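Enquirer: Its first residue numbered 9, the sequence shown is counted upward by one per residue in this note's numbering.
Here you go, one structure.
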Amino acid sequence: MTRENLLRARLEQGLFSVAPGAADALSARIVQAQGFDAVYMTGLGATAMRLGKPDLGLMTQTEMADHARAMVRAVDIPVIADADTGYGGALNVARTVREYLQGGVAAMHIEDQVSPKRCGQLSGIRLVPAEEAAARLSAAVEARGSEDIVLIGRTDALPGQGVDEAVSRAARYRDTGIDMVFVDGVKTRAEVEQIAARVEGPKVLSLVDGTDAAQLTFDEVQEMGFSVVMYAVTGLFAAAQATAGAMARLKSGGRPGGGAALSYAEFCDVVDLQAHQAFAHRHGE
9 MTRENLLRAR
19 LEQGLFSVAP
29 GAADALSARI
39 VQAQGFDAVY
49 MTGLGATAMR
59 LGKPDLGLMT
69 QTEMADHARA
79 MVRAVDIPVI
89 ADADTGYGGA
99 LNVARTVREY
109 LQGGVAAMHI
119 EDQVSPKRCG
129 QLSGIRLVPA
139 EEAAARLSAA
149 VEARGSEDIV
159 LIGRTDALPG
169 QGVDEAVSRA
179 ARYRDTGIDM
189 VFVDGVKTRA
199 EVEQIAARVE
209 GPKVLSLVDG
219 TDAAQLTFDE
229 VQEMGFSVVM
239 YAVTGLFAAA
249 QATAGAMARL
259 KSGGRPGGGA
269 ALSYAEFCDV
279 VDLQAHQAFA
289 HRHGE
């Protein structure tokens, strides 16, 4: 079984998957090394890592597909990738699905925001009509054909329009033939409980550090009936804090050190240096 269809197999078997977010290929390798079921290519992280800018729809389809492809090549576990709004009309959505398929992505989500979109945790989100969003997903389903990539319909209705509209949209999107629905923007345990109770079928939950909802454990999320839980920013925020601390200590002390950090040898293990050197040695280098 390949990593591309492993996630689908887990869904069909009713297995619960935990997918921490990764901003780049190195972060994805760290997620894999900890034994997680899958890794999530977060659009917020990809934008921050590639452009150093906020998640305001600045990444193009080709940039996002290329970023996902690099992450897929770096790991052996399934990659779930953010595909924003699909980057245009039905033909653009179809192309996006094919690009992600060719890149080896195991699952992708398409959302119902207008373009340019913004991070689901921000205020001021604007949505397209539900029928337009459903048409995007129908195009994705047809473009997918018989391939194994898992299609996820995401709604960002919760923060601005409330749980009733979010639940209504999730049901409509599920009827297009996608595999899972995803209500983004949850901040409280009560919101998670309502989504769990009112949204039928396989569903995704994204938990953001610092929110009340993020206090839920894996077991609690699974018991509520979610198929996948993602932690989009846990690694990204921790890495940014660690880097800022290291640079502050270097600036103030005039030399590195003083904080928790990997040794050179430990870092070489993360990037699998020994295996690469062994391969080169077998071929005369």
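Glycine residues also receive a C-beta, built at the ideal position from the N, C-alpha and C atoms.
Please read all numbers here as calculations on a predicted model, not as lab measurements.
Which ranges does the alpha helix (DSSP H) cover as unbroken runs of at least 4 residues, wholly within the stretch 89 to 116, from first to last along the chain?
Expert: Segments of the alpha helix (DSSP H) lying fully in the stretch 89 to 116: 98 to 110.
Enquirer: Can you check the stretch 189 to 266 for any alpha helix (DSSP H) of at least 4 residues that lies completely inside it and give the ranges in chain order?
Expert: Counting whole runs of 4 or more residues, the stretch 189 to 266 contains the alpha helix (DSSP H) stretches 197 to 206, 226 to 231 and 242 to 261.
Enquirer: If you follow the beta strand (DSSP E) that residue 185 is in, where does it begin and where does it stop?
Expert: Here residue 185 refers to the residue found at position 177 of the sequence shown. Run containing residue 185: none; DSSP gives neither H nor E here.
Enquirer: Using 8 Å as the threshold, is the stretch 109 to 117 in touch with the stretch 59 to 69, meaning 3 or more CB pairs across them?
Expert: At 8 Å Cβ cutoff, the stretches do not touch.
Enquirer: From residue 19 to residue 277, what distance separates their C-alpha atoms?
Expert: Numbered from 1 along the sequence shown, position 11 holds the residue referred to as residue 19. Numbered from 1 along the sequence shown, position 269 holds the residue referred to as residue 277. Roughly 32 Å between the two C-alpha positions.
Enquirer: Helix or strand or just coil, what does DSSP make of residue 38?
Expert: Position 30 of the sequence shown, counted from the start, is the residue given in the question as residue 38. The answer is helix: DSSP assigns residue 38 an H, G or I state.
Enquirer: Can at least three beta-carbon pairs, one atom from the stretch 199 to 218 and one from the stretch 171 to 185, be found at a separation below 8 Å?
Expert: Cβ pair count under 8 Å is three or more, so yes.
Enquirer: Please name the residue or residues paired with residue 14 in a DSSP beta bridge.
Expert: As a working note, residue 14 is residue 6 in the sequence shown. Answer by DSSP bridge pairing: none, since residue 14 is not bridged.
Enquirer: For residue 278, report the span of its alpha helix (DSSP H) as first-last.
Expert: By 1-based counting over the sequence shown, the position of residue 278 is 270. Start and end: 272 to 278.
Enquirer: May I have the straight-line CA-CA distance separating residue 243 from residue 15, to the nearest angstrom?
Expert: Locating residue 243 in the sequence shown gives position 235, where the first residue counts as 1. Locating residue 15 in the sequence shown gives position 7, where the first residue counts as 1. Those two C-alpha atoms are separated by around 21 Å.
Enquirer: Span of the alpha helix (DSSP H) holding residue 144?
Expert: As a position in the sequence shown, residue 144 is number 136, starting the count at 1. Element bounds for residue 144: 138 to 152.
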